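Counting along the sequence shown from 1, when you hit position 37 you're at 923 in our numbering, and nothing is skipped either side. Have a look at the structure below before the remarks.
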Amino acid sequence: MEKEIEPMSTPSSGVTRDKEELSQQWDSVAAGWKKWWPTIEDAARCVSRRMIELAEIQPGHRVLDIATGIGEPALLAASRVGPTGRVVATDLSSRMLEIARERAMTLGVTNVEFMEADAERLDFPDGSFDAVLWRWGVTDLPDPLNTLVAIRRMLAPNGAFATAVWDAGPKARPLATLAMIAAREMFDLPAPLVEEPSRPGSVGPALAKALGHAGFPDVRVEEMRLTLEFASTDDCNRYLMDVSPVFAALLSDKSPAEQGEYRHRLAEKLRQYVTADGGVRIPNATICAVGRR
Ligand SMILES: C[S@@+](CC[C@H](N)C(=O)[O-])C[C@H]1O[C@@H](n2cnc3c(N)ncnc32)[C@H](O)[C@@H]1O
């Protein structure tokens, strides 16, 4: 294995109080991610595969996976880079990383190092990686530009950054959209802090522009579809409460009667996705992008 890639400073040393809260929120749903992993990954594996293809990850490559959650696409990349390559996978949440490490052990993967680190404070030396991956999250940053510039700096010449972000509009993530509509109908929620871009198709060009500003020439952007499948509409509700810090916070302190009413409203809104056997199939739209240093 190649020489260890050390960050130039301890990434977690300067986390703000907000970051502490953020990591606690993700810690609180880590067990939910483990529970729902087959559902998540059956839908999402195609996105990891495409990101790895777009980044042209090869045996022997050094790869960074930012905000890896419980370990993807890091573990898939680890199988691609093989014993001569190496993957560093970072996340803010120690509980997510614990589960990621368990998964790596179960799968017998030894060429991945998991590291607690804030995506906005990554400080690996210039040119440390042949590819950087980030499946879902870069557009959640308040100001992604500095982070994108840092990612580019950490890439070797001609190294690739491949990412997936959710598209905008009600068809991008219908479950979260409909669940939020039901919550707004029932509960007195504050207006969203950030006005989300609501025009479908607006996210790809905005991402390409941001990557261009960060110094990535010739960015390639494409849309992908992935389908989440559940056994019932009640499972959709349980899934949201288990994996989403937003819905966990929103619903967990509600009375049983309110939760029952909420489940009922959500089930009504999801009717268009219910199949003949009572299952639920929900199509989602994500944007994949790749830029080379
Ligand atoms: C939607 S999950 C995605 C996880 C994984 N990439 C996947 O696709 O399965 C978001 C992850 O981002 C992590 N995260 C959120 N903000 C972060 C930050 N500023 N730095 C590092 N990780 C962060 C969370 O802890 C969580 O594990």
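Don't be surprised by glycine CBs; every beta carbon is placed ideally from N, CA and C. The structure displayed is predicted, hence computed values, not measured ones.
Residue closest to residue i, alpha-carbon to alpha-carbon, out of the options
i        : options                                : result
Pro-1028 : Lys-905, Val-1166, Gly-1164            : Lys-905
Ser-1118 : Phe-1133, Asp-1139, Gln-1158, Val-1105 : Gln-1158
Ala-1036 : Gly-1013, Trp-1022, Gly-1023, Val-1051 : Gly-1013
Leu-1041 : Ala-1058, Ile-943, Glu-907, Phe-1000   : Ile-943
Thr-954  : Trp-1022, Met-937, Gly-1045            : Trp-1022
Glu-1109 : Lys-1057, Asp-1009, His-1099           : Lys-1057
Leu-1064 : Glu-1154, Asp-1026, Lys-1140, Arg-931  : Glu-1154
Own chain partners of residue i with C-beta closer than 7 angstroms, once the 5 adjacent residues on each side are dropped
i        : result
Val-1107 : Gly-1090, Leu-1093, Ala-1094, Ile-1173, Ala-1175
Leu-961  : Arg-989, Ala-990, Leu-993, Val-995, Val-998
Ser-1088 : Ala-1054
Ala-963  : Ile-938, Ile-943, Val-949, Asp-951, Val-973, Leu-1019
Pro-1030 : Val-1024, Ala-1096
Gly-1164 : Ser-1118
Ala-1100 : Leu-1031, Leu-1034, Val-1035, Arg-1038
Pro-1169 : Arg-1111, Thr-1113
Any non-hydrogen atom of ligand 1 closer than 7 angstroms to residue i Cβ
i        : result
Glu-958  : yes
Leu-908  : yes
Ala-1143 : no
Ser-979  : yes
Asp-1004 : yes
Gly-1023 : yes
Trp-912  : yes
Glu-930  : The amino acid occupying residue 930 in the given sequence is Ala; Glu does not appear at that position. Yes.
Met-982  : yes
Gly-918  : no
Thr-852  : Missing from the structure shown is residue 852; the chain here goes from 887 to 1179 and no further.
Ala-953  : yes
Thr-976  : yes
Beta-carbon contacts of residue i that lie in its chain and below 6 angstroms, excluding the five residues immediately before and after
i        : result
Leu-950  : Val-974, Phe-1015, Val-1018
Gly-1177 : Phe-1047, Leu-1097, Phe-1102, Val-1105
Phe-1116 : Cys-1122, Val-1166
Gln-911  : Pro-1131
Arg-1039 : Asp-1012
Phe-1000 : Ala-975, Leu-983, Ala-986, Arg-987
Val-1160 : Val-1166
Whether residue i touches residue j by CB criterion (8 angstroms)
i        : j        : result
Glu-1006 : Thr-1033 : yes
Arg-1111 : Ala-1162 : no
Ile-952  : Thr-976  : yes
Pro-945  : Thr-970  : yes
Glu-958  : Glu-927  : yes
Same chain only: Cβ atoms within 8 angstroms of residue i, ignoring 5 sequence neighbours per side
i        : result
Ser-980  : Ser-909, Asp-913, Glu-1002
Leu-1075 : Ala-1069, Leu-1136
Gly-1045 : Gly-1013, Phe-1015, Asp-1016, Ala-1017, Val-1018, Arg-1178, Arg-1179
Arg-1085 : Ala-1054, Gly-1055
Ser-1138 : Met-1127
Cβ distance (whole Å) where residue i is taken to contact residue j below 8 angstroms
i        : j        : result
Trp-922  : Tyr-1125 : 5 angstroms
Glu-1144 : Met-1066 : Not confirmed; about 16 angstroms, so no contact.
Ala-917  : Ile-956  : Not really, about 10 angstroms apart at Cβ, beyond 8 angstroms.
Val-1051 : Val-915  : Rounded, the Cβ-Cβ distance is 20 angstroms, inconsistent with contact.
Leu-1061 : Leu-1114 : 7 angstroms
Arg-1151 : Asp-1120 : So it is not a contact: roughly 13 angstroms between Cβ atoms.
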